[in-house]
Amino acid sequence: MAYNLKKERSLVDELERATVLANRIVEQLYEYVQKEAHYNGLVDCVVWAIEKLSSTYKLEDDYSNDG
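FYI, the numbering for the sequence shown is 0 to 66, going by numbering that gives the first Met the number 0.
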């Protein structure tokens, strides 16, 4: 039983870290879009921001390896 509680706490900790990171990414994406949207088209701006964030946080598609 203690093992299950420890495992659940570990999962909660991971979820909290992921939530903080996701919030940071959304905030930065919003800032990039606000700053760049005046100079470029909105779609180009969003694509640029996502590419920038992807390289910053080294985002990967975790689902690509599913069998």
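Every residue gets a Cβ at the ideal spot worked out from N, C-alpha and C, and that includes glycine.
query: Alpha-carbon spacing of residue 35 relative to residue 54, whole angstroms; result: 18 angstroms
query: Simplified DSSP assignment, three categories, for residue 61; result: Note that residue 61 has pLDDT 49, beneath the 50 cutoff, so the model's placement of it is unreliable and the number below is only indicative. Residue 61 falls in the coil class under three-state DSSP.
query: Through-space distance from residue 48 to residue 29, alpha-carbon basis; result: 9 angstroms
query: Residue 5 versus residue 27: straight-line alpha-carbon distance, rounded; result: 33 angstroms
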